[in-house]
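Here the structure is laid out as structure tokens; the discussion comes afterwards.
In the working numbering, the protein residues as written are 72 to 304.
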């Protein structure tokens, strides 16, 4: 299957390792992965801040870059939700076959055991867009549960927002920090070594607090765990 990776600007700028992990993972599952070099921002930041006229040309560009692909895989629930749910409000029909990463693996490829090996204790934070907009449900947990060596522990208050919310954290820093503090407390209660999520923006927010408090808890994008094999040890 010919698949395009839409990396997103946050990942491209700050977390390129996530993109590499997605490519390794999908190629291991038999996909032919392209990275169209003309891709840019999906326009979510502009849209959420009220600059919808500025978001519209970015949405059109996304369609022009990705329209010919059989599937477009997005390692970010928030960006996938922007494309699928909000492009129509801009008068733009999104390309068919835009999938959040776990949707693509489970629903399109029909796989839950990706052959990963990750001998660590992990807890999973379901990000707001993946949970409420895309309704990915148990797909991430099903994938994590199939990883050899991994011990998955439930996160208390998992469905509560971490407080990032893009520009929300800039406009409401005190509220955002309080929400993040609650999330960090839940993470520490699990005694997990690694906090996993499918959106690096949320991991950046929670991970910053975990790091500042010197908790020793790592944060990792789901793709990096699923891409890991015994050969990586």
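Note that beta-carbon positions come from the ideal geometry of N, C-alpha and C, so glycine has one too.
> Does DSSP classify residue 100 as helix, strand or coil?
Replying inline: coil
> From this set, 241, 215, 188, 282, which residue's C-alpha is nearest residue 258's C-alpha?
Replying inline: 282
> Beta-carbon separation of residue 189 and residue 143 under 8 Å?
Replying inline: no
>> Using the Cβ count rule (16 or more neighbours within 10 Å means buried), how would you classify residue 187?
In response: buried
> At which residues does the beta strand (DSSP E) containing residue 292 begin and terminate?
Replying inline: 289-292
>> Taking only three categories from DSSP, how would you classify residue 219?
In response: strand
> On the three-pair Cβ rule with 8 Å, is the stretch 175-183 touching the stretch 275-289?
Replying inline: no
> Which whole-angstrom value is the C-beta distance of residue 225 and residue 293, which I expect to be below 8 Å?
Replying inline: With 8 Å as the limit, residue 225 and residue 293 do not qualify as a contact, their Cβ atoms being about 16 Å apart.
> Roughly how many angstroms separate the alpha carbons of residue 110 and residue 180, rounded to a whole number?
Replying inline: 24 Å
> Does DSSP classify residue 171 as helix, strand or coil?
Replying inline: strand
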